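Numbering (this note's numbering), first residue to last: 374 to 429.
Written below as structure tokens is the structure these notes are about.
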């Protein structure tokens with residue numbers, strides 16, 4: 374499985390931001406969600422990679 378690239382992370386963040394922004398009708402929550410989803414996505418990938426490297 375290929376690791377996510379930069380644009381896939383942006384897509385994940387944009388989808389989450391659009392959903393939260395529309396649900397709350399406040400653009401600030403959308404922007405905050407974009408950055409949070411971006412960072413959480415990177416963190417999850419790092420955790421998965423660490424688990425994979427210990428199984429080798």
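The C-beta atom is built at its ideal place from N, Cα and C for all residues, glycine as well.
Computed from a prediction, not measured in an experiment: that's the story for all the values here.
CA-to-CA distance, residue 384 to residue 414, given in whole angstroms: Using only the alpha carbons, I get a separation of about 11 Å.
C-beta atoms of residue 386 and residue 402 nearer than 8 Å: In this structure, residue 402 does not lie closer than 8 Å to residue 386 by Cβ.
Exposure of residue 427, with buried meaning 16 or more beta-carbon neighbours within 10 Å: exposed
The alpha helix (DSSP H) enclosing residue 425, as first and last residue numbers: 400 to 428
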